[in-house]
Amino acid sequence: MTTIDTFSDGRKLRRATSGTPRTLTEDRPQEKSKDWAQASQNPPKGAADGVQAKGGKPSGLRTISRAAWLPYLVPVALVIVWQTLSSLGVISDRIMPAPVAVVAAFWERLLSGELVRDIAVSGARALSGLLIGGSIGFLLGIANGVSKLSEQLTDTTLQMLRTIPHLAMIPLVILWFGIGEEAKLFLTSLGVLFPIYLNTYHGVKNVDRDLVEMGRIYGMSSWSLFRKVIFPGALPSIFVGLRYALGIMWLTLIVSESIAANSGIGYMANTAREFMMTDVVVLALVIYAVLGKLADVVARALERWALSWNAAYQV
Amino acid sequence: MSSYLLPSAMVWDAFELQERAYFPDGTEVRPSAEPPVLPKAPAGLRLRGVEKAFGDNRVLRGIDLDVPAGQFVAIVGKSGCGKSTLLRLLVGLDEPTGGEIDFIDDGGDRVAPDARIVFQEPRLLPWFSVADNVAVGLGDGVPKAYARREAELVLEEVQLSEKAKEWPAKLSGGQRQRVALARALVSRPGLLALDEPLGALDALTRISMQQLLTRVWRELGFTAVLVTHDVTEAVHLADRVIVLDEGEIKLDLAVPQAHPRRHGDPELALLEGQLLAAILGES
Numbered sequence: 148m149t150t151i152d153t154f155s156d157g158r159k160l161r162r163a164t165s166g167t168p169r170t171l172t173e174d175r176p177q178e179k180s181k182d183w184a185q186a187s188q189n190p191p192k193g194a195a196d197g198v199q200a201k202g203g204k205p206s207g208l209r210t211i212s213r214a215a216w217l218p219y220l221v222p223v224a225l226v227i228v229w230q231t232l233s234s235l236g237v238i239s240d241r242i243m244p245a246p247v248a249v250v251a252a253f254w255e256r257l258l259s260g261e262l263v264r265d266i267a268v269s270g271a272r273a274l275s276g277l278l279i280g281g282s283i284g285f286l287l288g289i290a291n292g293v294s295k296l297s298e299q300l301t302d303t304t305l306q307m308l309r310t311i312p313h314l315a316m317i318p319l320v321i322l323w324f325g326i327g328e329e330a331k332l333f334l335t336s337l338g339v340l341f342p343i344y345l346n347t348y349h350g351v352k353n354v355d356r357d358l359v360e361m362g363r364i365y366g367m368s369s370w371s372l373f374r375k376v377i378f379p380g381a382l383p384s385i386f387v388g389l390r391y392a393l394g395i396m397w398l399t400l401i402v403s404e405s406i407a408a409n410s411g412i413g414y415m416a417n418t419a420r421e422f423m424m425t426d427v428v429v430l431a432l433v434i435y436a437v438l439g440k441l442a443d444v445v446a447r448a449l450e451r452w453a454l455s456w457n458a459a460y461q462v
Numbered sequence: 006m007s008s009y010l011l012p013s014a015m016v017w018d019a020f021e022l023q024e025r026a027y028f029p030d031g032t033e034v035r036p037s038a039e040p041p042v043l044p045k046a047p048a049g050l051r052l053r054g055v056e057k058a059f060g061d062n063r064v065l066r067g068i069d070l071d072v073p074a075g076q077f078v079a080i081v082g083k084s085g086c087g088k089s090t091l092l093r094l095l096v097g098l099d100e101p102t103g104g105e106i107d108f109i110d111d112g113g114d115r116v117a118p119d120a121r122i123v124f125q126e127p128r129l130l131p132w133f134s135v136a137d138n139v140a141v142g143l144g145d146g147v148p149k150a151y152a153r154r155e156a157e158l159v160l161e162e163v164q165l166s167e168k169a170k171e172w173p174a175k176l177s178g179g180q181r182q183r184v185a186l187a188r189a190l191v192s193r194p195g196l197l198a199l200d201e202p203l204g205a206l207d208a209l210t211r212i213s214m215q216q217l218l219t220r221v222w223r224e225l226g227f228t229a230v231l232v233t234h235d236v237t238e239a240v241h242l243a244d245r246v247i248v249l250d251e252g253e254i255k256l257d258l259a260v261p262q263a264h265p266r267r268h269g270d271p272e273l274a275l276l277e278g279q280l281l282a283a284i285l286g287e288s
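For the protein sequence lines, the chains are A and B, in the order given. If you want the working numbering, it's the position in the first sequence, counting the first as 1, plus 147. If you want the working numbering, it's the position in the second sequence, counting the first as 1, plus 5.
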């Protein structure tokens, strides 16, 4: 142990002792190097925390920055490779525009105000579709989970309709509604309805029967039983449905905007295709990716807040 | 009035005798500092020819039983002897197929059923805090401030005041069961039914819980009906132990020893032997 004490540089020593995470070496103040011998036997509290936290609550500066940049390493590297290949002329502009060109297209459309308008239109369509379809799916899921009669009446029908790919309805929808807003609203609503219905129904069905009996014993009214026991019990499953529905929501919107629209991001991409503006087409893809990610982040945050009682969400 | 002033006077004597004990999680079992809210009058029971059949299976075959208000009765017996079924009938979770169950006051007059039950599993709502879980016991439409105060009082009773704002997931098994007990007691029921409430706990926690149960019962003065398969637990807690066998009362044994009782008391061990013999059908 005395030989270890002779090291003046704590880093060298820490690297020599295997089994402790490297990331922690830089966190230790130099003046504490005298304690290293002991510390290597009993890792400092911070060390244990750092290992257990798994990115949840990193203990050191370096751990924070690494957790923050690591997920973006691959996308950034891809963009760099992509840009290099475009600059070298390996990839033709007609097939794939350079990232710089996409950024330029973004900037141009942002300044003209077109982009903001298109995003707002698409966002509004997506959200109203989610709201309408989601509400119907949620209400049906609750009703069929709670009431035997309602379940017998509608569940088989819903399960049957669910198996039809909702995008297969496009020809019919265009005949019904033309290419107006109703068509896109209808398709998006239909798309999000089923995942939310299925997961709500499943969630309600799987609420702990013992808790429901407990609620009855304590004289809860039906509404109170729903509010205090059934709904919170089904909530984790409902969130799964919501996040699944968000994916379907964007998918449906993209398809329906590409087929029949005169505004929105899908329309922007489709018009650009006609003029061979690949940079705008790619820009549309990037925006979809960002919006999709954003929706998921919001849903996750909502989930973490609403399910904070659940051990899986407690830090 | 005197009916419930009497037990609470006894409570204070009992405090002097109370042994100190600790839950395995470190919480001290201590006599509470303040007298609790005045308990309601306990409710006794009168059972006449109570039967319960599920199809052809006659689980209870004519039970006659009188439980005076404030008594602690334990029901023991083999699995499937009908003890849990009987308890479910008492608290109105099931209807008897024959006979009558009446709640009575200490004058023998019928009163409205007023029972709560604690199960083997705590059945807490994981999305409610400990205090909100306890407030469930007060029923719907209770003013928030009142519910909070009552929950605090009864949590003090089970020595979990400091956990009032925690999620149930953060508690140990014994603590969760104490929350379930608090929820059952918050409305001050006349009768508390306990369906193997300590069955899922480890041995040390169980002993602490037994002491807590005895103290709470003596302080609040409710009638207690405990179903258990643990004969030691039965003679330790109850004034009277009933052995149920194939839906009939086989033995009705008084346990006269004063509370609090010590584990390993030879007199209790004798009673235990007697009960075990009856349950196992030895002569």
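The beta-carbon is built from N, C-alpha and C at its ideal position, and this holds for glycine as well.
Quiz item: In three-state DSSP terms, what is F289 (chain B)?
Solution: Within the shown structure, residues of chain B are numbered from 6 to 288, placing residue 289 (chain B) beyond reach of any answer.
Self-check item: alpha helix (DSSP H) segments (min. 4 residues) lying fully within the segment 234–276 of chain A
Solution: 246–259
Exercise. Return the CA-CA distance between R390 (chain A) and A156 (chain B), expressed in angstroms with no decimal places.
Key: For the purposes of this step, residue 390 (chain A) is taken as the residue at position 243 of the first sequence. For the purposes of this step, residue 156 (chain B) is taken as the residue at position 151 of the second sequence. Roughly 37 Å separates the two Cα atoms.
Quiz item: What span of residues does the beta strand (DSSP E) with V123 (chain B) cover, start to end?
Solution: Residue mapping note: residue 123 (chain B) aligns to position 118 of the second sequence, counting from 1. Counting along the chain, the beta strand (DSSP E) containing V123 (chain B) begins and ends at 120–123.
Quiz item: Considering only residues of the same chain and omitting the five flanking positions on each side of P47 (chain B), which have a CB-CB separation below 6 Å?
Solution: In the second sequence, residue 47 (chain B) corresponds to position 42, counting from 1. Correct list, in chain order: A74, G75, G195, G226, F227, T228.
Exercise. Give the interface partners of S126 (chain B) over in chain A, defined as CB-CB distance under 7 Å, in chain order.
Key: If you number the second sequence from 1, residue 126 (chain B) lands on position 121. Correcting the residue type first, residue 126 (chain B) is Glu in the shown sequence and not Ser. Neighbours of E126 (chain B) on chain A, chain order: D357.
Quiz item: Going along chain A in order, which residues have a C-beta closer than 9 Å to the C-beta of L98 (chain B)?
Solution: Residue numbering aside, residue 98 (chain B) sits at position 93 when the second sequence is read from its first letter. Simply E360, R363, I364.
Quiz item: So, are the CB atoms of L231 (chain B) and L199 (chain B) less than 8 Å apart?
Solution: As a working note, residue 231 (chain B) is residue 226 in the second sequence. As a working note, residue 199 (chain B) is residue 194 in the second sequence. The answer is yes: Cβ separation under 8 Å.
Self-check item: Simplified DSSP assignment, three categories, for V226 (chain A)
Solution: Working through the first sequence from its first residue, we reach residue 226 (chain A) at position 79. V226 (chain A): helix per DSSP, three-state reduction.
Quiz item: Between A:R213, A:G439, A:L449, A:Y365, which lies nearest to I385 (chain A) when the distance is taken from Cα to Cα?
Solution: Within the first sequence, numbered from 1, the residue matching residue 385 (chain A) stands at position 238. With distances taken between Cα atoms, I385 (chain A) lies closest to A:L449.
Quiz item: In chain order, what residues of the same chain lie with their CB nearer than 8 Å to the CB of N457 (chain A), ignoring the 5 residues before and after it?
Solution: Indexing the first sequence from 1 puts residue 457 (chain A) at position 310. Cβ within range, chain order: P383.
Quiz item: In its own chain, which residues sit with a C-beta less than 8 Å from the C-beta of A136 (chain B), not counting the 5 before and 5 after it?
Solution: As a first step, residue 136 (chain B) must be located in the second sequence, where it is residue number 131. If we look at A136 (chain B) and ignore the five residues flanking it on each side, its Cβ neighbours are R153, A156, E157, L160, A169, K170.
Self-check item: Stretch pair the segment 234–247 of chain A + the segment 362–369 of chain A: three plus CB contacts closer than 8 Å
Solution: no
Quiz prompt | Short CB-CB distance (under 8 Å) between P131 (chain B) and chain A | solution = Counting from one through the second sequence, the residue named residue 131 (chain B) turns up at place 126. Yes, because at least one Cβ of chain A sits closer than 8 Å to the Cβ of P131 (chain B).
Exercise. Please name the residue in B:V260, B:P131, B:A187 whose C-alpha comes closest to that of V359 (chain A).
Key: Within the first sequence, numbered from 1, the residue matching residue 359 (chain A) stands at position 212. For the residues B:V260, B:P131, B:A187, the minimum Cα distance to V359 (chain A) belongs to B:P131.
Quiz item: Going by DSSP, what residues sit across from V55 (chain B) in a beta bridge?
Solution: Locating residue 55 (chain B) in the second sequence gives position 50, where the first residue counts as 1. Answer is B:I68.
Quiz prompt | Cβ neighbour criterion (16 or more within 10 Å) applied to L190 (chain B) | solution = Start at 1 with the first residue of the second sequence, and residue 190 (chain B) comes out as number 185. So L190 (chain B) ends up on the buried side.
Quiz prompt | Closer than 8 Å to chain A by CB, G144 (chain B) | solution = Residue 144 (chain B) sits at position 139 when you count from the first residue of the second sequence. Chain A contact via Cβ: present.
Practice problem: Just confirm the distance between the C-beta atoms of L91 (chain B) and D69 (chain B), as a whole number of angstroms; I'd bet it's less than 8 Å. | Solution: Taking the first residue of the second sequence as 1, we reach residue 91 (chain B) at position 86. Taking the first residue of the second sequence as 1, we reach residue 69 (chain B) at position 64. Actually they are not in contact, since the Cβ atoms of L91 (chain B) and D69 (chain B) sit about 12 Å apart, beyond 8 Å.
Quiz item: CB-CB under 7 Å to V320 (chain A), same chain, minus the five flanking residues each way: which ones, in chain order?
Solution: For this step, residue 320 (chain A) is matched to residue 173 along the first sequence. Once the five neighbours on either side are set aside, the close Cβ partners of V320 (chain A) are A330, F333, L334.
Quiz item: With G87 (chain B) and L65 (chain B) assumed to form a contact (beta carbons below 8 Å), what rounded beta-carbon distance in angstroms separates them?
Solution: Mapped onto the second sequence, residue 87 (chain B) falls at position 82. Mapped onto the second sequence, residue 65 (chain B) falls at position 60. G87 (chain B) to L65 (chain B), Cβ: 5 Å. Contact.
Quiz item: Is I227 (chain A) buried or exposed, if buried means 16 or more other CB atoms sit within 10 Å of its CB?
Solution: Indexing the first sequence from 1 puts residue 227 (chain A) at position 80. Per the 10 Å Cβ criterion, exposed.
Quiz item: Between W254 (chain A) and S282 (chain A), what straight-line distance do the alpha-carbon atoms span, to the nearest angstrom?
Solution: On the first sequence, residue 254 (chain A) is found 107 positions in, with the first residue counted as 1. On the first sequence, residue 282 (chain A) is found 135 positions in, with the first residue counted as 1. Rounded to whole angstroms, W254 (chain A) to S282 (chain A) spans 37 Å at the Cα level.
Self-check item: Proximity test, Y151 (chain B) beta-carbon vs the ligand NAD heavy atom, cut-off 7 Å
Solution: The model depicted lacks the ligand NAD and carries no ligand whatsoever.
Quiz item: Can you check whether the CB of V223 (chain A) is closer than 8 Å to the CB of D426 (chain A)?
Solution: As a position in the first sequence, residue 426 (chain A) is number 279, starting the count at 1. As a position in the first sequence, residue 223 (chain A) is number 76, starting the count at 1. Their beta carbons are not under 8 Å apart, which means D426 (chain A) does not touch V223 (chain A) by this criterion.
Quiz item: Is the Cβ-Cβ distance between A243 (chain B) and A79 (chain B) less than 8 Å?
Solution: Along the second sequence, one-based indexing puts residue 243 (chain B) at 238. Along the second sequence, one-based indexing puts residue 79 (chain B) at 74. Going by C-beta atoms, A243 (chain B) is nearer than 8 Å to A79 (chain B).
Quiz item: Does the separation of the CB atoms of N291 (chain A) and T304 (chain A) fall below 8 Å?
Solution: Reading the first sequence from its first residue, position 144 is the one you call residue 291 (chain A). Reading the first sequence from its first residue, position 157 is the one you call residue 304 (chain A). No. Outside cutoff.
Quiz item: Mind pulling the chain A residues with CB within less than 8 Å of A122 (chain B)?
Solution: As a first step, residue 122 (chain B) is located in the second sequence; it is residue number 117 there, counting from the start. Checking the sequence shown, residue 122 (chain B) turns out to be Ile, not Ala. The contacting residues are I364.
Exercise. Quickly, what does DSSP pair D257 (chain B) with across the bridge? List them, please.
Key: Counted from its first residue, the second sequence places residue 257 (chain B) at position 252. B:I247.
Exercise. Please check if any C-beta of chain B sits within less than 8 Å of the C-beta of V376 (chain A).
Key: Locating residue 376 (chain A) in the first sequence gives position 229, where the first residue counts as 1. It does: the Cβ of V376 (chain A) has a partner Cβ on chain B nearer than 8 Å.
Quiz item: Would you report the Cα separation of M361 (chain A) and V96 (chain B), rounded to the nearest angstrom?
Solution: Along the first sequence, one-based indexing puts residue 361 (chain A) at 214. Along the second sequence, one-based indexing puts residue 96 (chain B) at 91. C-alpha separation (whole angstroms): 12 Å.
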